[in-house]
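Trainee: Take a look at this one; I'll ask things after.
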């Protein structure tokens, strides 16, 4: 019966072909480490947010008179409302943690390099969508942090040349963050996750075209690839189990560590809390915004600090395959960058007057210098490593790739001249 | 009806194709205007635009905060020392004389929104300090230091009587 049904469908829709090609037989490098688990974990984090979000939406009221109380209603009166809300609120943090690890892995192992540039750029788009969704979702509880976070971030658009003031009023639908703002943020917070699902599909189609990168940085021969099922379905499931244990600790034992206490006070448009901080996942970028002593300059620096990741395939000039593992200078830069992110996060979490003002500025300069020095460092590093002598196989591989590139270039110019 | 030239006339076809593309794209762009415009403040929000304030209950040195168009407005009953101080100093970043900012030098009326990113500054001994990003303002609401580019904005207001003002 089932066999007949599938056969019936297969005549009309490529169902079993798709499953076999993309899920079962899909060739996967056999040397993937656990750092390669975070892509599928991000997918699961997204699904968990969407499911809990839909059920929360059945009880939430996007009206400034009712929003704060409806959260209390969810927490106290709705069956398992506390569970839905804590999964959703901790889930946002978990999602960012997974994405940041996923990005760090890409940077460490050089997975952004050819031919995976589009993976990296669609990922960058997904990060921006995730940030927008998280930011709008954070207004919905209508607490003091919600309110002032939204007030500050919408105000960033004042830096738009000429029409800045109008853009801010247009975004808010009011002269201050108000009812119109809350309602539209709710509508968009519900919409964006589905745009993210669409963008994830594009990300996955690109992945299945170029296939997974691997720790060696070399495209493996067919014999070194193994089918996705059962080897990686089981590995991803194991990783999921570990992830869910860590996630459950937050959901069931520490749900309030990720909720700012000031957000338990209803929004008051006439009083800013003494110390406003964004959620932890925005702290480094917030520190960069605050470190530049100028409105437009700060906004531009903050936007660049996120967008500059997209330039990585151009900034990294080295032809040595693989990432930090085989490149000492790049490895050092990677660790300095990660350490610097933590410094920025620390600066962002402290009140303005509590730290020497140059700390944030120095960390900001270090942040951008690492990107801007990369072209020069990566070229020098390649020269040094090749002079010192690479394994013969690696040298051959680099020469082969260069030859292929030259061939393509030659073909292109032939076509142009003919 | 169609002459031989109109069927076999590539320029004519190309022209029609470009015109159709341009008009179609233009029409689609114009059709988004109602959507964009609907996100602007609605008329009931625009209608809520004036606030009247009784000043008689504010003692010298005291500050009162009222809401105007949903925004906080600071009204300060300044002491003579404070007045003397703001008259003798100027802001370097956004120079403006205090006379230009206060209709009656005893009373300062400013919108209590930091010109940096929109937090509400807190009253400090020197004037105001915005806790969000560290901008400092003097007793005339003028920027002294920090990332804010401009002085605190003065809303449109007038004295209805000696002890009553109308903002908006």
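Protein chains in written order, with the working numbering: chain A, 644 to 1061; chain B, 126 to 293. Even for Gly, the Cβ is constructed at its ideal location relative to N, Cα and C.
#1: Take every Cβ of the region 162 to 179 of chain B, pair it with every Cβ of the region 214 to 230 of chain B, and state whether three or more of those distances are shorter than 8 Å.
#2: With contact counted as at least three CB pairs below 8 Å, one residue from each stretch, are the region 815 to 824 of chain A and the region 165 to 172 of chain B in contact?
#3: To the nearest angstrom, report how far apart residue 676 of chain A and residue 858 of chain A are at their CA atoms.
#4: Given 8 Å as the limit, tell me if residue 267 of chain B has its C-beta closer than that to any heavy atom belonging to the ligand NAD.
#5: Between the region 920 to 945 of chain A and chain B, which residues of the former have a C-beta closer than 7 Å to a C-beta of the latter?
#6: Could you tell me which of A/826, A/699 and A/779 sits nearest to residue 705 of chain A, measuring between CA atoms?
#7: May I have the straight-line CA-CA distance separating residue 274 of chain B from residue 240 of chain B, to the nearest angstrom?
#8: Let me make sure I understand the geometry here. Which of A/809, A/775 and A/708 has the alpha-carbon closest to that of residue 830 of chain A?
#9: Give me the subset of the region 819 to 836 of chain A whose CB atoms are less than 8 Å from a CB atom of chain B, sorted by chain position.
#10: Check the C-beta distance from residue 905 of chain A over to residue 786 of chain A and give it rounded, since I have them as a contact under 8 Å.
#11: Can you tell me whether DSSP reads residue 654 of chain A as helix, strand or coil?
#12: Name the residues in the region 171 to 198 of chain B whose C-beta lies less than 8 Å from a C-beta of chain A; which are they?
#13: Residue 209 of chain B: buried (16+ other C-beta within 10 angstroms of its C-beta) or exposed?
#14: Is there at least one Cβ from chain B nearer than 9 Å to residue 615 of chain A's Cβ?
#15: Are residue 197 of chain B and residue 823 of chain A closer than 9 Å when you measure CB to CB?
#16: Along the beta strand (DSSP E) that carries residue 212 of chain B, what are the first and last residues, could you check?
#17: Could you tell me which whole alpha helix (DSSP H) segments of length 4 or greater appear in the region 716 to 802 of chain A?
#18: Once the 5 residues before and after residue 926 of chain A are set aside, which same chain residues still bring their CB inside 6 Å of it?
#19: Below 9 Å between beta carbons: does that hold for residue 891 of chain A and residue 754 of chain A?
#20: Residue range of the beta strand (DSSP E) that residue 192 of chain B falls in?
#21: Could you give the DSSP three-state label for residue 867 of chain A: helix, strand or coil?
#22: Put residue 177 of chain B into one of helix, strand or coil per three-state DSSP.
#23: Just mark residue 797 of chain A as buried or exposed, buried being the case when its beta carbon has 16 or more other beta carbons within 10 Å.
#24: Considering only residues of the same chain and omitting the five flanking positions on each side of residue 975 of chain A, which have a CB-CB separation below 7 Å?
#25: Which term fits residue 126 of chain B, buried or exposed, when burial requires 16 or more other beta carbons within 10 angstroms of its beta carbon?
#26: With a cut-off of 8 Å, do at least 3 Cβ pairs link the region 873 to 892 of chain A to the region 798 to 805 of chain A?
#27: Around the Cβ of residue 784 of chain A, are there at least 16 other Cβ atoms within 10 angstroms (buried) or fewer (exposed)?
#28: Cβ of residue 161 of chain B less than 9 Å from any chain A Cβ?
#29: Which residues in chain B have a C-beta closer than 8 Å to the C-beta of residue 812 of chain A? List them in chain order.
#30: Give a yes or no on whether the C-beta atoms belonging to residue 867 of chain A and residue 673 of chain A are separated by under 9 Å.
#31: By DSSP, does residue 971 of chain A sit in helix, in strand, or in coil?
#32: Taking its Cβ as the centre, do 16 or more other Cβ atoms sit within 10 Å of residue 994 of chain A, making it buried, or is it exposed?
#33: Taking Cβ to Cβ, would you say residue 708 of chain A is nearer than 9 Å to residue 717 of chain A?
#34: Less than 6 Å between C-beta atoms, sequence neighbours within five positions excluded: which residues of the same chain meet that for residue 984 of chain A?
#35: From residue 1021 of chain A to residue 960 of chain A, what does the alpha carbon distance come to, in whole angstroms?
#36: Any idea what DSSP makes of residue 664 of chain A, helix, strand or coil?
Mentor: With the structure as the only source:
#1: By the Cβ rule, the region 162 to 179 of chain B does not count as touching the region 214 to 230 of chain B, because fewer than three pairs are nearer than 8 Å.
#2: By the criterion of at least three beta-carbon pairs nearer than 8 Å, the region 815 to 824 of chain A is in contact with the region 165 to 172 of chain B.
#3: Spanning the two alpha carbons is a distance of roughly 7 Å.
#4: Because no ligand of any kind appears in the structure shown, any question about the ligand NAD cannot be addressed here.
#5: Of all residues in the region 920 to 945 of chain A, those with a C-beta nearer than 7 Å to a C-beta of chain B are 933, 936, 937, 938 and 941, reading in chain order.
#6: If we check each option's Cα against that of residue 705 of chain A, A/826 comes out closest.
#7: Cα to Cα, the separation comes out at about 7 Å.
#8: If we check each option's Cα against that of residue 830 of chain A, A/775 comes out closest.
#9: The region 819 to 836 of chain A vs chain B, Cβ under 8 Å: 819, 821, 823 and 827.
#10: That pair is a contact at about 7 Å.
#11: Correct three-state label for residue 654 of chain A: helix.
#12: From the region 171 to 198 of chain B, only 190, 192, 194, 195, 196 and 197 have a Cβ closer than 8 Å to chain A.
#13: Its Cβ having fewer than 16 others within 10 Å, residue 209 of chain B is exposed.
#14: Outside the displayed range of chain A (644 to 1061) lies residue 615 of chain A, so it cannot be described from this structure.
#15: Result no, Cβ atoms of residue 197 of chain B and residue 823 of chain A do not sit closer than 9 Å.
#16: Premise fails: residue 212 of chain B lies in the alpha helix (DSSP H), 205 to 213, not in any beta strand (DSSP E).
#17: Correct list: 724 to 751, 760 to 782 and 787 to 798.
#18: 988, 991 and 992, listed in sequence order.
#19: Not in contact: residue 891 of chain A and residue 754 of chain A (Cβ atoms no closer than 9 Å).
#20: Per DSSP, residue 192 of chain B is one residue of the beta strand (DSSP E) stretching across 188 to 193.
#21: Helix.
#22: Residue 177 of chain B sits in a strand when the DSSP states are folded into three classes.
#23: Per the 10 Å Cβ criterion, buried.
#24: Answer for residue 975 of chain A: no residue qualifies.
#25: At residue 126 of chain B the pLDDT is 49, less than 50, meaning the model places this residue with poor confidence and gives no usable figure here.
#26: Taking a contact to require three or more Cβ pairs closer than 8 Å, the region 873 to 892 of chain A and the region 798 to 805 of chain A do not qualify as touching.
#27: It is buried - the Cβ of residue 784 of chain A has at least 16 other Cβ atoms within 10 Å.
#28: Interface criterion met: the Cβ of residue 161 of chain B is under 9 Å from a Cβ in chain A.
#29: 165 and 166, listed in chain order.
#30: Yes, these two residues count as a Cβ contact at 9 Å.
#31: Residue 971 of chain A carries a helical assignment under DSSP once its states are collapsed to helix, strand and coil.
#32: With fewer than 16 Cβ atoms within 10 Å of its Cβ, residue 994 of chain A is classed as exposed.
#33: The answer is no: Cβ separation not under 9 Å.
#34: If the five residues before and after residue 984 of chain A are omitted, its C-beta is found closer than 6 Å to the C-beta atoms of 927, all from its own chain and listed in chain order.
#35: Distance from the CA of residue 1021 of chain A to the CA of residue 960 of chain A, rounded to the nearest whole angstrom, comes to 6 Å.
#36: Three-state DSSP puts residue 664 of chain A in a helix.
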